[in-house]
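Visitor: Starting off with a structure, shown below.
There are 2 protein chains.
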Amino acid sequence: MTSIKFKNKRLFYLDQTQLPLKEVWKECRNLKDGFKAIKLLEVRGAPLIGVFAAYCIAINLKQLSGKKEIFLSQLAESLRQLGSARPTAVNLFWALRRIKQAANKAKAKDVSFIRQVVLREACSIHKEDVLLCRRMADQGVGLIKKGDRILTHCNTGSLATSGEGTALAVIFAAAKKYRNHLLVYADETRPLLQGARLTAWELFKKKIPSKVICDNTASSLMAARGIDKVFLGADRIAANGDAANKIGTYGVAIAAKYHKIPFYVVAPFSTFDLSLRSGKEIPIEQRNPDEVRKIMNKIEVAPGEAKVYNPAFDVTPNELITAIVSDRGIIRPPYKKNIKKVIGTHPI
Amino acid sequence: MTSIKFKNKRLFYLDQTQLPLKEVWKECRNLKDGFKAIKLLEVRGAPLIGVFAAYCIAINLKQLSGKKEIFLSQLAESLRQLGSARPTAVNLFWALRRIKQAANKAKAKDVSFIRQVVLREACSIHKEDVLLCRRMADQGVGLIKKGDRILTHCNTGSLATSGEGTALAVIFAAAKKYRNHLLVYADETRPLLQGARLTAWELFKKKIPSKVICDNTASSLMAARGIDKVFLGADRIAANGDAANKIGTYGVAIAAKYHKIPFYVVAPFSTFDLSLRSGKEIPIEQRNPDEVRKIMNKIEVAPGEAKVYNPAFDVTPNELITAIVSDRGIIRPPYKKNIKKVIGTHPI
């Protein structure tokens, strides 16, 4: 399964807002399309946003000036604009920075060469992302035992990356290893229901035993000893291991701690932001109140005048995280030291 | 505001499944109507169910046989049937038991007299419920300070009782006392969204400052020091203080404990079930998976084939409860001793 396609220099993506009812592929023709797709969560998932944004910059180059000076300034402006689509997931900025660096290195050459360089860099980011997913799966699969009942939150699979996923890739690998002798509970993940719409759909397609629960149900399942482990993703991890992820992750982490259930975050090196000392520095996106008031933009559930607090992410402090599974290895506390050792100091 | 009306021996109720979009009053004409209304949550809220069920038995009496022996056996069967509508909230059984005891006392008299006795008992239960709400408000209001930011879950107001409410009655009293200098966060309360649909609506009608949040957002608000206190209701409280309440309550309690935020349960004496030693003995209702899969029975959000775990309630262990506010006083730990002292041993 894949959620973006780059073919004959054209960029297509599965509109995730319409899943699971409809599988609609759309074309991203320019920067504006790409910005909208990311902003509206038609394309979502921290790693996928990075790959998609890189391609988006690449396909948009043909719309820029042929004169190099103007071309370079328009490219810089495109990178800035696309980077403003969403503030929390760091993979977006990481991918755009790679594009910028590649273009910078080639800036002495002509415009058509720079175009090729940018396109090549986007393709590299894409290929690497697929590989990173495989590596995370390899690193994490040993943490799961046959028969484990695993809780996950939001979506971290083929719809969140351009490969098999982050946390879901680990779960998929375990399901394969144990011939589906495990059970996955998917938090529905309000307000946009990525768990019910996307994770349940991916698990169902792969015939992996699963159940959907409301987000508020996880803790009572834990109390009933119905959950053995938690696996979920991240949108940005600070140098001390604090991890921003989809709203609700923090509550799951507190409940897991209370019930002494291992809590694993799975993310590639590109999700780490070592320029931030702690999670307090991670900017949290506030989204439209109507996401809460009107479900799927259709059914009004709260009075139209009701005020709403709708942050898209929360931050889980490192002391609640049992381990972080990265493509480069499993990182355990003390995080500050071990993240530095395993992830190094990649630039953001 | 009121959510049931008994007028000229006819029973009317506000269909809560249609709120806040439509205010539709329906008539309950017989036992079948009443059973359906409770089962489908058209009438909900532990204390309200008790009052409504008592009236429902009373209005249904005219459909029973005029021959006393048959009448009494049909009455017993009606009580049994209505008691099977929902298993968790104990107020239903408590009210039906009061009706049964009243009828029993009068069983030497003729059918028309027994009818009057039952009707009078239903009216008493109703009047008492209004009074209990006022008393809970009086008992609890001192726990709230001017400016407090209060989190609540599900609905515990005029739509959950026949008076002002349980937890919401306390909040209403504080809002009046402090001229609305407080802020209420209403958990939307999936799957049936009683917080977004009903609590936000009640707070809005009373012009009390409030915001709706997704259930999974409360813990990050707590981390940001945005919540001072939690007030919510209960459907059944065991002798040791363990409290069953709407699913999600337990998660809120764990998060409150983690952040050292006071967690108050507000319930009348009729919600206590001293026949149960602990919350482990409270039966938990499992509801239709479609409540989770299809929002408001309209929008499919999970794949139709997805399995779902949908308990309507969870149990919060007594160690997570700061105090229980009852109509008879504020009960603090040790609960076993203090509940016995304050609530006594009322029959269930």
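Chains as they are written, first to last, in the working numbering: chain W, 1 to 348; chain A, 349 to 696.
Where a beta carbon is used, it is the ideal one built from N, C-alpha and C, also for glycine.
(1) Suppose you measure from the CA of W:Leu31 to the CA of W:Ala267; what does that come to, to the nearest Å?
(2) Buried or exposed for W:Asn297, going by 16 or more other Cβ atoms inside 10 Å?
(3) Answer with yes or no whether the minimum CB distance from A:Tyr598 to chain W is below 8 angstroms.
(4) What residue from W:Glu188, W:Phe269 and W:Glu305 has the CA that sits closest to A:Asn658's CA?
(5) Go through its chain and collect everything with a Cβ distance to W:Val51's Cβ below 7 angstroms, but skip five positions before and after it.
(6) A:Gly513: buried (16+ other C-beta within 10 angstroms of its C-beta) or exposed?
(7) Return no unless some Cβ of chain A is closer than 8 angstroms to the Cβ of W:Arg197.
(8) Three Cβ pairs or more, each shorter than 8 angstroms: is that satisfied between the stretch 327 to 345 of chain W and the stretch 230 to 246 of chain W?
(9) So, is the C-beta of W:Asp314 closer than 8 angstroms to a C-beta in chain A?
(10) Give me the subset of the stretch 291 to 316 of chain W whose CB atoms are less than 8 angstroms from a CB atom of chain A, sorted by chain position.
(11) In three-state terms, what does DSSP make of W:Ser210?
(12) In chain order, which alpha helix (DSSP H) runs of at least 4 residues are fully inside the stretch 215 to 296 of chain W?
(13) Whose CA, out of W:Thr156, W:Asn288 and W:Tyr264, lies closest to the CA of W:Asn308?
(14) W:Gly251 and A:Ala566 look like a contact to me (Cβ under 8 angstroms); what is the Cβ gap, rounded to whole Å?
(15) Quick one: does the C-beta of A:Ala485 sit closer than 7 angstroms to a heavy atom of the ligand ZN?
(16) Determine the closest residue to A:His543 out of A:Pro631, A:Gln411, A:Ser568 and A:Ala508, with distance taken between C-alpha atoms.
(17) Starting from A:Ile397, find everything on chain W with Cβ-Cβ shorter than 9 angstroms and list it in chain order.
(18) Alpha carbons only, please: which of W:Asp290, W:Asn155, W:Glu319 and W:Leu132 is nearest the one belonging to W:Asn245?
(19) Taking only the alpha-carbon atoms, compute the straight-line gap between A:Ile696 and A:Ala515 and give it to the nearest angstrom.
(20) A:Asp621 and A:Arg584 - do their beta-carbons sit closer together than 8 angstroms?
(21) Mind listing the chain A neighbours of W:Arg190? Cutoff is C-beta to C-beta under 8 angstroms, in chain order.
(22) Which class does A:Ile669 belong to by DSSP, given the choice of helix, strand or coil?
(23) Spell out the partners DSSP gives A:Asp662 in its beta bridges.
(24) If we count the other Cβ atoms within 10 Å of its Cβ and call it buried at 16 or more, is W:Gly47 buried or exposed?
(25) Which partner residues does A:Ile647 have in the DSSP bridge list?
(26) So with Cβ pairs under 8 angstroms, would you call W:Ala95 a contact of chain A?
(27) Mapping DSSP to helix, strand and coil, what is A:Ala534?
(28) Cutting at 7 angstroms between CB atoms, please list the residues of its own chain near W:Leu192, excluding the five before and the five after it.
(29) Do you know whose CA, among A:Asn439, A:Ala456, A:Lys457 and A:Arg445, lies nearest A:Ala480's CA?
(30) Using CA atoms only, rank isn't needed, just tell me which of A:Lys689, A:Val578 and A:Ile386 is closest to A:Ala401.
(31) Below 8 angstroms on C-beta distance, what does A:Lys559 contact in chain W?
(32) Does chain W have any CB closer than 8 angstroms to the CB of A:Ser626?
(33) What do you get for A:Val465, buried or exposed, if any count of 16 or more other CB atoms within 10 angstroms of its CB means buried?
(34) For the stretch 239 to 265 of chain W, enumerate the residues whose C-beta is nearer than 7 angstroms to any C-beta of chain A, in chain order.
(35) So what does DSSP say about A:Phe425, is it helix, strand or coil?
(36) Would A:Lys448 be called buried (16 or more neighbouring beta carbons within 10 Å of its own) or exposed?
Guide: Let me lay it out:
(1) Distance between the alpha carbons of W:Leu31 and W:Ala267: 27 angstroms.
(2) Residue environment: W:Asn297 is assigned as exposed (fewer than 16 neighbouring CB atoms within 10 Å of its CB, all protein chains considered).
(3) yes
(4) Per the Cα distances, W:Glu188.
(5) These residues qualify, in order along the chain: Ile4, Ala95, Ile125, His126, Asp129 and Ser162.
(6) buried
(7) yes
(8) Yes, the stretch 327 to 345 of chain W is in contact with the stretch 230 to 246 of chain W.
(9) W:Asp314 counts as touching chain A.
(10) Val292, Arg293, Ile295, Met296, Lys298, Ile299, Glu300, Val301, Ala302, Pro303, Glu305, Ala306, Lys307, Val308, Tyr309, Asn310, Pro311, Asp314 and Val315
(11) strand
(12) 218 to 223, 249 to 258 and 290 to 293
(13) Reading off the sequence shown, one finds Val at residue 308 of chain W, where the question assumed Asn. Looking at the Cα atoms, W:Asn288 is the closest of the given residues.
(14) 7 angstroms
(15) No copy of the ligand ZN occurs in the structure displayed, which carries no ligand at all.
(16) It is Gly, not His, that sits at residue 543 of chain A in the sequence shown. Residue A:Ala508 is the option with its Cα nearest to A:Gly543.
(17) For a Cβ distance threshold of 9 angstroms, nothing in chain W lies close to A:Ile397: the least Cβ distance comes to about 21 angstroms.
(18) W:Asn155
(19) Confidence in A:Ile696 is poor, its pLDDT being 46 and thus under 50, which makes the residue's placement too unreliable to answer from.
(20) yes
(21) Simply Glu536, Arg538, Cys562, Asp563 and Asn564.
(22) coil
(23) DSSP, once it has assigned bridges, lists A:Asn593 as partnering A:Asp662.
(24) According to the sequence displayed, residue 47 of chain W carries Pro and not Gly. W:Pro47 is buried by the Cβ-count criterion.
(25) A:Ile643
(26) Not one chain A Cβ lies under 8 angstroms of W:Ala95.
(27) strand
(28) Leu41 and Glu291
(29) A small correction: the amino acid at residue 480 of chain A is Leu; Ala does not occupy that position in the sequence shown. With distances taken between Cα atoms, A:Leu480 lies closest to A:Asn439.
(30) Of A:Lys689, A:Val578 and A:Ile386, the smallest CA-CA separation from A:Ala401 is found for A:Ile386.
(31) The answer, in chain order, is Ala306, Lys307, Val308 and Tyr309.
(32) no
(33) buried
(34) Answer set for the stretch 239 to 265 of chain W: Ile247, Gly248, Tyr250, Gly251, Ile254, Ala255 and Tyr258.
(35) The residue asked about is misnamed: residue 425 of chain A is Glu in this sequence, not Phe. The answer is helix: DSSP assigns A:Glu425 an H, G or I state.
(36) Buried, by the Cβ-count rule.
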